[in-house]
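Going by the numbering used here, the sequence shown wraps up at 485, each residue one higher than the last. In this text, a Cβ means the ideal position worked out from N, Cα and C, and glycines have one as well. Computed from a predicted model, the values in this text were never measured in an experiment. A quick write-up on the structure given underneath.
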Amino acid sequence: MRHLLDTRTLTKDQALLILDTAEEMAATQQREMKKLPTLRGKTVVNLFFEDSTRTRISFEAAAKRLSADVINFTAKGSSVSKGESLKDTAQTLQAIGADGVIIRHPASGAPHRLASSGWIDAGVMNAGDGTHEHPTQALLDAFTMRRRLYGEASRGRDLDGVSVVIVGDLAHSRVARSNLWLLTTLGAHVSFVAPETLQPYGARTWPVTVRHSLDEALREDQPDIVMMLRIQTERMHAAFFPNEREYARNWGLDDARLTQLTEGALIMHPGPMNRGLEISSAAADSPRSTVLDQVSNGVSVRMAALYLLLSGDREAA
Ligand code: NCD
Numbered sequence: 169m170r171h172l173l174d175t176r177t178l179t180k181d182q183a184l185l186i187l188d189t190a191e192e193m194a195a196t197q198q199r200e201m202k203k204l205p206t207l208r209g210k211t212v213v214n215l216f217f218e219d220s221t222r223t224r225i226s227f228e229a230a231a232k233r234l235s236a237d238v239i240n241f242t243a244k245g246s247s248v249s250k251g252e253s254l255k256d257t258a259q260t261l262q263a264i265g266a267d268g269v270i271i272r273h274p275a276s277g278a279p280h281r282l283a284s285s286g287w288i289d290a291g292v293m294n295a296g297d298g299t300h301e302h303p304t305q306a307l308l309d310a311f312t313m314r315r316r317l318y319g320e321a322s323r324g325r326d327l328d329g330v331s332v333v334i335v336g337d338l339a340h341s342r343v344a345r346s347n348l349w350l351l352t353t354l355g356a357h358v359s360f361v362a363p364e365t366l367q368p369y370g371a372r373t374w375p376v377t378v379r380h381s382l383d384e385a386l387r388e389d390q391p392d393i394v395m396m397l398r399i400q401t402e403r404m405h406a407a408f409f410p411n412e413r414e415y416a417r418n419w420g421l422d423d424a425r426l427t428q429l430t431e432g433a434l435i436m437h438p439g440p441m442n443r444g445l446e447i448s449s450a451a452a453d454s455p456r457s458t459v460l461d462q463v464s465n466g467v468s469v470r471m472a473a474l475y476l477l478l479s480g481d482r483e484a485a
């Protein structure tokens with residue numbers, strides 16, 4: 169693998185290689201000495217044109233635990249706010265000698281542009297582009313599902329027959345898209361649950377069951393996983409639902425719905441959460457919730473991806 173841009177084109181073998189490598193990485197993170205020498209001498213740039221908490225610090229921690237040098241570049245406070253183009257920024261990174269570039273950008277397709285432009289030689293990792301994809305989030309979600317469902321027997325396993333219900337602002341969600349492609353490749357069944365206004369354009373041509381009622385999805389799909397997504401008000405320039413109370417009542421994972429989940433069902437959320445809107449505090453903090461597991465697993469998964477992309481001879485790869 170030279171770049172990690174999406175999960176749509178990731179093969180099952182590639183996905184399992186990343187997940188199994190992440191298991192190896194997770195094992196090293198149990199030690200007192202967490203740092204590995206693997207990427208010593210390599211430079212990784214965190215190039216963030218959009219706000220982020222989890223993803224940015226997770227990539228930073230992952231790169232540092234592999235002994236890479238990390239440069240954090242945020243668009244605010246850089247020459248990007250003076251109007252510098254992606255091309256000029258990329259050429260600057262090339263001149264600095266970046267081996268890996270992790271990019272988050274509000275424009276769908278920006279990481280692909282960077283990877284195919286010829287502006288840089290670095291391996292490019294997509295950390296979220298517009299409403300398009302967020303591949304490492306989907307990989308850490310799949311990793312978390314495997315571990316919580318299969319425990320020690322996770323290695324080498326896919327998610328055949330697992331029922332996943334993804335609920336919320338699907339229209340704006342790159343997490344939903346990346347999860348759909350990856351989970352489908354791994355053999356899971358996925359339902360998208362949201363009011364019609366929040367269903368992604370084109371969803372009916374995708375391998376997904378489109379539903380409007382959360383209660384129906386919980387009843388019909390008997391989900392092993394309920395993944396709640398944030399309402400992304402910053403990407404909404406119109407009214408997508410009547411009001412927050414109405415939304416929470418129809419599509420929120422509230423305390424009543426929490427009691428209806430089947431035994432062993434897990435609750436996931438990529439964060440940041442709107443407590444009381446798409447998810448109640450009881451649901452977010454319940455033993456079924458994997459929210460904090462997702463964050464810690466994210467470091468192992470990103471270590472695996474960085475290792476697979478950047479270690480050894482990139483030309484040979
Ligand atoms: C998500 C994102 O930025 O796409 N968060 C994340 O990476 N953990 C989802 C969101 O912003 O709601």
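Residue i burial status per 10 Å Cβ neighbour count (16 or more: buried)
i: residue 460; result: exposed
i: residue 375; result: exposed
i: residue 347; result: buried
i: residue 363; result: buried
i: residue 256; result: exposed
i: residue 302; result: buried
i: residue 390; result: exposed
i: residue 438; result: buried
i: residue 293; result: buried
i: residue 198; result: exposed
i: residue 253; result: exposed
i: residue 457; result: buried
i: residue 324; result: exposed
i: residue 180; result: exposed
i: residue 455; result: exposed
CB of residue i within 8 Å of CB of residue j, strictly
i: residue 300; j: residue 332; result: no
i: residue 239; j: residue 211; result: yes
i: residue 215; j: residue 288; result: no
i: residue 291; j: residue 173; result: no
i: residue 467; j: residue 307; result: no
i: residue 328; j: residue 355; result: yes
Beta-bridge partners of residue i, as assigned by DSSP
i: residue 357; result: 331
i: residue 297; result: 273 and 301
i: residue 379; result: 361
i: residue 313; result: In DSSP, residue 313 forms no bridge with anything.
i: residue 396; result: 335
i: residue 134; result: Any property of residue 134 remains undetermined from this structure, which presents the chain solely from 169 to 485.
Residue i at chain D interface by Cβ criterion, 8 Å
i: residue 446; result: The question asks about chain D, but that chain is absent: this structure has only one protein chain.
Pairwise C-alpha distance: residue j and residue i
i: residue 412; j: residue 445; result: 7 Å
i: residue 193; j: residue 472; result: 7 Å
i: residue 310; j: residue 431; result: 20 Å
i: residue 427; j: residue 261; result: 51 Å
i: residue 382; j: residue 351; result: 20 Å
i: residue 317; j: residue 476; result: 25 Å
i: residue 404; j: residue 282; result: 27 Å
i: residue 185; j: residue 414; result: 43 Å
i: residue 285; j: residue 450; result: 47 Å
i: residue 408; j: residue 366; result: 7 Å
i: residue 416; j: residue 447; result: 8 Å
i: residue 229; j: residue 394; result: 28 Å
i: residue 213; j: residue 435; result: 33 Å
i: residue 296; j: residue 272; result: 5 Å
i: residue 396; j: residue 452; result: 10 Å
i: residue 336; j: residue 371; result: 14 Å
i: residue 176; j: residue 182; result: 12 Å
i: residue 339; j: residue 380; result: 13 Å
i: residue 178; j: residue 188; result: 15 Å
i: residue 191; j: residue 314; result: 11 Å
i: residue 418; j: residue 298; result: 27 Å
i: residue 400; j: residue 465; result: 24 Å
i: residue 484; j: residue 343; result: In this prediction, residue 484 scores a pLDDT of 45, lower than 50, which makes its location untrustworthy; the coordinate-derived value is nonetheless stated afterwards. Roughly 32 Å between the two C-alpha positions.
i: residue 440; j: residue 221; result: 8 Å
i: residue 277; j: residue 208; result: 30 Å
Requested in this report: Only counting runs of 3 or more residues, tell me where the beta strand (DSSP E) segments fall wholly within the segment 200-286, in order along the chain.
Outcome: 211-216, 237-242 and 268-273
Report task. Entirely within the segment 414-449 and at least 3 residues each: give me those beta strand (DSSP E) ranges in chain order. Result -> Residue ranges of uninterrupted beta strand (DSSP E) with 3 or more members, entirely inside the segment 414-449 and ordered along the chain, are 434-436.
Query - Ranges of the alpha helix (DSSP H) found wholly within the segment 170-202, counting only runs of at least 4 - result: 180-196
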